[in-house]
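Report on the structure given below.
Protein chains in written order, with the working numbering: chain X, 3 to 220; chain S, 55 to 874.
Given below as structure tokens:
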């Protein structure tokens with residue numbers, strides 16, 4: 003419960019899914035990334051720079067800014083294309099959800115794996131529509147662009163609220179807060195997951211896990 | 055497109071981006087030493103750990119419990135029963151069969167045992183015994199796993215205490231919960247362990263700990279849970295056992311498919327009114343399944359309960375036969391008497407303080423007939439016993455005569471039992487005063503008890519809160535059989551009302567999750583006009599908490615947590631309802647008291663009554679505290695005559711004056727403070743009840759939740775009961791409400807939701823008596839209860855069902871009432 007959650011909703015055509023998701027995920031990550039930390043001596047560090055990149059979309063009248071890190075882009079693209087495939091293969095009415103979850107890691111002793119404690123979750127709900135003709139597509143192209151612009155402003159507003167962010171860690175702790183695997187940029191630790199509408203309800207395994215946990219609780 | 059780079063380029067090395075000499079400007083200092091990643095632990099565990107005096111104590115306690123309870127109780131209970139049933143040759147033991155011994159004629163114990171191998175085969179043949187053993191084995195494993203899990207959890211909490219709260223385990227037993235809480239509030243400022251808000255209040259912490267308990271208290275308060283029954287012979291009775299409570303919690307809060315998604319939030323679909331019927335159906339079928347499961351498991355639970363009770367209580371009865379006569383606060387009583395936002399230890403200490411007075415009160419009601427009989431029986435039994443004992447002393451061979459030992463035992467028990475029916479000669483019979491002392495501790499009491507303390511009806515109703523331990527055990531034993539019946543036949547019918555309750559009375563509190571809105575203790579939303587919040591409350595009858603629960607809870611919370619900063623409005627209420635009006639000169643002129651000064655005088659008289667009653671009960675301690683408390687208040691008033699006025703005007707800080715006795719004694723230890731606080735709360739409780747009594751003459755009827763049962767039961771009450779002079783309170787949740795509490799105009803509801811089902815029963819109730827002639831209109835809130843209100847104008851909007859208002863968060867949901 004100790005976690006903020008924000009929900010964004012978009013309605014797009016099937017071919018726009020990938021770009022729309024990329025636009026939103028990249029926008030959030032742009033604001034949740036810093037340059038690499040270079041620790042000097044105990045407790046002090048300097049922050050490297052981060053480049054940005056304007057990306058024009060093919061199927062939407064929209065341009066967004068992302069961190070100019072190919073590695074990060076690759077990771078996000080992979081997740082988004084998986085989501086897109088799952089969505090088109092599901093054969094259902096095309097409702098899905100991607101979540102971008104920022105978390106902190108808590109080291110545990112040996113028998114237990116590290117605990118991930120999320121502090122902010124962004125859920126992007128996607129609703130896919132089918133359009134009949136080219137004219138509608140053209141309208142949709144513009145409308146989705148506008149909508150995405152609004153969402154980006156939404157995101158920026160939320161991020162500007164100065165709410166809880168993990169504290170800046172020391173050198174030994176930096177892995178628990180930031181994803182340090184990338185060469186050129188250092189986003190907060192994040193996880194991208196997706197759900198297709200059929201499985202939006204709680205799955206059996208989570209129910210079972212909760213049941214066991216509840217019976218064991220004092 | 056991706057290759058189309060802008061002019062922004064990544065620089066190779068970070069330190070090169072600052073010109074030489076300016077490096078320090080771009081240096082950041084990490085919050086290094088301060089950085090300690092503190093997660094917000096499950097506050098329930100934190101509280102439990104405090105209550106159990108730290109990790110070591112708890113670990114030891116758990117281990118002993120595991121070993122003692124599980125090993126001894128379980129293995130002993132089951133093993134012993136199995137052994138007794140299979141491996142003992144009773145014929146030999148009872149000397150019906152003779153054993154051939156060459157050396158002596160004495161029968162030894164090993165003779166009575168059947169050989170091991172025979173015994174083993176006997177056990178194996180007996181499916182029932184195997185079944186028992188399996189159950190106990192599973193139970194034991196469950197306990198073991200639970201123990202290991204708990205140790206892991208509490209280890210985390212231990213490090214939270216040590217690292218974050220900076221409390222060692224050795225000092226924990228000596229720290230009050232208030233101190234622990236203050237530290238949690240403190241570290242929130244530094245670490246922001248709750249990320250939703252900057253500062254954590256005491257109320258947030260209480261909400262987290264007591265989330266579900268508050269719901270239960272509210273449901274009992276609004277008579278939603280089927281725990282009171284109108285039985286043919288027994289009359290009005292309460293049945294609420296641990297098993298039933300467990301099932302309620304299973305259904306509502308944490309079982310599979312419960313209303314709650316996780317520990318802190320209600321499932322989203324239950325917050326919307328749109329498909330309430332569908333949800334109610336689903337809930338009803340779940341209750342049915344759980345009821346059936348209970349029914350199927352009934353033998354298992356029953357066997358377990360009997361074995362458990364048998365072995366744990368025979369020992370007690372043997373040691374002190376009087377202990378069964380001792381009373382205890384019933385489970386229902388604990389729910390009925392609990393404030394919103396009252397922690398376990400607060401409730402327990404309060405009730406324990408009231409125990410002495412309560413048992414004294416119950417002892418007042420010894421039937422004179424029984425006393426006469428008991429005196430004589432005791433005399434005869436005693437003389438017989440004396441003769442037997444004298445004979446035994448003379449020659450112990452008397453004991454070997456058949457049944458002599460048995461008769462001595464029985465006579466002894468008989469004398470003891472009879473003794474308990476003979477009243478103490480030196481006891482003074484003053485139930486009214488005793489009841490007032492009880493009220494000072496338990497804080498809640500139906501109105502009609504006052505002035506009727508000497509009646510048997512009052513006593514019977516009080517005994518529902520304060521029952522014999524024997525009855526408690528008996529109910530526990532009956533519970534496995536009765537629980538499924540209650541679930542299937544009573545709770546299931548209420549599923550729609552339950553769904554509505556959770557929707558209407560759940561608010562999302564930032565940082566605390568979904569909580570019961572009653573627990574917000576908001577006078578405006580849930581105040582009851584008859585309980586001092588007249589004019590301040592905007593609650594419909596459906597929303598009012600009964601018995602002044604909101605008001606008293608607010609008082610209690612403000613007094614136990616002096617640091618808590620309530621809203622302006624709440625502060626005003628607290629000042630105004632202070633029994634020390636001399637502290638706040640401005641309040642006297644205020645509307646509330648100014649309207650009826652005589653009321654205050656009356657109330658003050660009642661208060662001093664209560665105070666004297668308190669004093670008389672425990673002459674040393676209580677009066678000392680009382681004096682201390684009052685003198686502290688006096689001092690506060692005399693030291694700062696001008697200031698208190700200023701503070702009362704400024705509003706926010708003035709509350710410290712009203713709860714002055716605790717705030718002004720800064721040099722005293724917290725223990726003494728809590729003593730003061732409880733005394734102060736007692737005075738408040740007596741005072742508020744007194745005011746309420748003055749105010750409510752010919753009062754609003756209690757809103758009864760259960761429409762159908764109440765109607766049926768009202769039909770079943772014979773007229774002479776109703777017409778009897780005994781003034782029934784409207785606020786005691788009787789299943790046989792006063793006639794005025796029954797909706798009479800059924801026709802208007804028939805067009806509304808749930809009206810169809812409601813109409814028939816209401817129609818029948820109308821036939822039952824076409825009683826009071828006052829014009830009433832039946833309002834059907836969203837939940838479809840036929841509730842009734844004074845003819846006073848109210849806001850009546852169309853029903854929000856299926857409308858866009860359903861999307862509103864539940865706290866905005868005004869329960870709209872449909873005007874007739």
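Heads up, the beta-carbon is just placed ideally off N, CA and C, and yes, glycines get one too.
Is residue 118/X helix, strand or coil when you go by DSSP? One-based indexing of the first chain puts residue 118/X at position 116. Here residue 118/X sits in strand by DSSP.
Using a Cβ-Cβ cut-off of less than 8 Å, list which residues of the segment 582 to 608 of chain S approach chain X; keep chain order. Per Cβ criterion, the list is empty.
In terms of residue numbering, what span does the beta strand (DSSP E) encompassing residue 100/X cover? Mapped onto the first chain, residue 100/X falls at position 98. Segment 97 to 108, the beta strand (DSSP E) holding residue 100/X.
Per DSSP, which residues does residue 198/X bridge with? Please list them. Here residue 198/X refers to the residue found at position 196 of the first chain. Residue 198/X is bridged to 98/X.
Assign residue 879/S to one of two classes, buried (16 or more other C-beta atoms within 10 Å of its C-beta) or exposed (fewer than that). Nothing in the structure corresponds to residue 879/S, since chain S is present only between 55 and 874.
Are the CB atoms of residue 597/S and residue 583/S within a distance shorter than 9 Å? Here residue 583/S refers to the residue found at position 529 when the second chain is read from its first residue. Here residue 597/S refers to the residue found at position 543 when the second chain is read from its first residue. No. Outside cutoff.
Option in 252/S, 417/S, 323/S, 256/S with minimal Cα separation from residue 234/S: The sequence position of residue 234/S within the second chain is 180, counting from 1. It is 256/S.
When DSSP labels each residue in this structure, what does residue 55/X get in the three-state scheme? Sequence index remark: in the first chain, residue 55/X carries index 53 (1-based). Strand at residue 55/X.
Going by CA-CA distance only, name the one from 492/S, 429/S, 456/S, 393/S that's closest to residue 468/S. By 1-based counting over the second chain, the position of residue 468/S is 414. Comparing Cα positions, the closest option is 429/S.
By how many angstroms is the C-alpha of residue 156/X removed from the C-alpha of residue 251/S? Locating residue 251/S in the second chain gives position 197, counting from the first residue. Locating residue 156/X in the first chain gives position 154, counting from the first residue. Distance between the alpha carbons of residue 251/S and residue 156/X: 20 Å.
Going along chain S in order, which residues have a C-beta closer than 7 Å to the C-beta of residue 97/X? As a working mapping, residue 97/X is identified with position 95 in the first chain. In chain S, no part has a C-beta under 7 Å from the C-beta of residue 97/X; the shortest such distance is about 16 Å.
Can you pull the chain S neighbours of residue 105/X, defined as C-beta to C-beta under 8 Å? By one-based count along the first chain, residue 105/X stands at place 103. For residue 105/X, there are no C-beta contacts with chain S under 8 Å, since the nearest C-beta of that chain is about 11 Å from it.
Rounding to the nearest angstrom, what Cα-Cα distance links residue 71/X and residue 164/X in this structure? As a first step, residue 71/X is located in the first chain; it is residue number 69 there, counting from the start. As a first step, residue 164/X is located in the first chain; it is residue number 162 there, counting from the start. Those two C-alpha atoms are separated by around 26 Å.
Spell out a yes or no on whether the segment 29 to 44 of chain X and the segment 185 to 194 of chain X are touching, meaning 3 or more CB-CB pairs, one atom from each, closer than 8 Å. Three or more pairs of CB atoms, one per stretch, sit closer than 8 Å, so the segment 29 to 44 of chain X contacts the segment 185 to 194 of chain X.
Kindly indicate which residue of 208/S, 314/S, 383/S has the alpha-carbon position closest to the one of residue 527/S. On the second chain, residue 527/S is found 473 positions in, with the first residue counted as 1. The shortest C-alpha separation from residue 527/S is found at 383/S.
Based on the DSSP secondary-structure assignment, which residues constitute the bridge partners of residue 283/S? Position 229 of the second chain, counted from the start, is the residue given in the question as residue 283/S. According to DSSP, which records beta bridges pairwise, residue 283/S is partnered with 291/S.
Chain-ordered residues of the segment 19 to 53 of chain X with a beta carbon less than 9 Å from chain S: Contact annotation: in the segment 19 to 53 of chain X, residues whose CB is within less than 9 Å of a CB in chain S are 37, 38, 39, 40, 41, 42, 44, 45, 46, 47, 48, 49, 50, 51, 52, 53.
If you check the beta carbons only, do residue 281/S and residue 294/S fall under 9 Å apart? As a working mapping, residue 281/S is identified with position 227 in the second chain. As a working mapping, residue 294/S is identified with position 240 in the second chain. Cβ distance < 9 Å, so residue 281/S and residue 294/S count as in contact.
Answer with buried or exposed for residue 76/X, where buried requires no fewer than 16 other C-beta atoms within 10 angstroms of its C-beta. Working through the first chain from its first residue, we reach residue 76/X at position 74. So residue 76/X counts as exposed.
With residue 32/X and residue 67/X assumed to form a contact (beta carbons below 8 Å), what rounded beta-carbon distance in angstroms separates them? The residue you call residue 32/X lines up with position 30 of the first chain. The residue you call residue 67/X lines up with position 65 of the first chain. At roughly 6 Å, the Cβ-Cβ gap stays under 8 Å, so residue 32/X and residue 67/X are in contact.
Contact with chain X by residue 248/S, beta-carbon distance below 9 Å: Counting from one through the second chain, the residue named residue 248/S turns up at place 194. For residue 248/S, the nearest beta carbon of chain X is closer than 9 Å to its own beta carbon.
From residue 561/S to residue 570/S, what does the alpha carbon distance come to, in whole angstroms? As a position in the second chain, residue 561/S is number 507, starting the count at 1. As a position in the second chain, residue 570/S is number 516, starting the count at 1. Rounded to whole angstroms, residue 561/S to residue 570/S spans 6 Å at the Cα level.
Taking only beta carbons into account, state which residues of the segment 327 to 357 of chain S come closer than 9 Å to chain X, listed in chain order. Only those residues of the segment 327 to 357 of chain S whose C-beta falls short of 9 Å from the nearest C-beta of chain X would be listed, and there are none.
What's the C-alpha gap between residue 548/S and residue 262/S? Taking the second chain and counting its residues from 1, one reaches residue 548/S at position 494. Taking the second chain and counting its residues from 1, one reaches residue 262/S at position 208. Answer to the nearest angstrom: the Cα atoms are 27 Å apart.
Would you list the residues sitting across from residue 567/S in a DSSP beta bridge? Sequence index remark: in the second chain, residue 567/S carries index 513 (1-based). The secondary-structure analysis by DSSP pairs residue 567/S across a beta bridge with 563/S.
Within 10 Å of its beta-carbon, does residue 132/X have 16 or more other beta-carbons around it, so buried, or fewer, so exposed? For the purposes of this step, residue 132/X is identified with residue 130 of the first chain, where counting begins at 1. Exposed, because fewer than 16 other Cβ atoms sit within 10 Å of the Cβ of residue 132/X.
To the nearest angstrom, report how far apart residue 892/S and residue 573/S are at their CA atoms. Only positions 55 to 874 of chain S appear in the structure, and residue 892/S is not among them; the question remains open.
Spell out whether any CB of chain X is found under 9 Å from the CB atom of residue 399/S. Numbered from its first residue, the second chain carries residue 399/S at position 345. Not closer than 9 Å to any Cβ of chain X, the Cβ of residue 399/S fails to qualify, so no.
Within a Cβ cutoff of 7 Å, which residues of the same chain sit near residue 504/S, ignoring the five residues on either side of it in sequence? As a position in the second chain, residue 504/S is number 450, starting the count at 1. The residues are 747.
Does DSSP put residue 515/S in a helix, in a strand, or in coil? Residue mapping note: residue 515/S aligns to position 461 of the second chain, counting from 1. Reduced to three states, the DSSP call for residue 515/S is helix.
Listed in chain order, which residues of the segment 121 to 137 of chain X have Cβ atoms closer than 7 Å to some Cβ of chain S? Within the segment 121 to 137 of chain X, 121 place their CB atoms closer than 7 Å to a CB of chain S, listed in sequence order.
Taking 6 Å as the limit between beta carbons, can you name the residues of its chain near residue 82/X, skipping five residues before and five after? Start at 1 with the first residue of the first chain, and residue 82/X comes out as number 80. Once the five neighbours on either side are set aside, the close Cβ partners of residue 82/X are 20, 23, 24.
Please list the partners that residue 394/S has in chain X, where partner means a Cβ-to-Cβ separation under 9 Å. One-based indexing of the second chain puts residue 394/S at position 340. The premise fails here: residue 394/S is roughly 21 Å from chain X at the closest Cβ pair, so nothing lies under 9 Å.
Buried versus exposed call for residue 209/S [16 or more other C-beta atoms within 10 Å across all chains shown]: If you number the second chain from 1, residue 209/S lands on position 155. Classification for residue 209/S: exposed.
Counterpart residues of residue 13/X in DSSP-defined beta bridges: Start at 1 with the first residue of the first chain, and residue 13/X comes out as number 11. Residue 13/X is bridged by DSSP to 129/X.
Going by Cα to Cα distance, which pick from 565/S, 737/S, 311/S, 588/S is closest to residue 166/X? The count along the first chain starts at 1 and reaches residue 166/X at position 164. Relative to residue 166/X, the option among 565/S, 737/S, 311/S, 588/S whose CA is nearest is 565/S.
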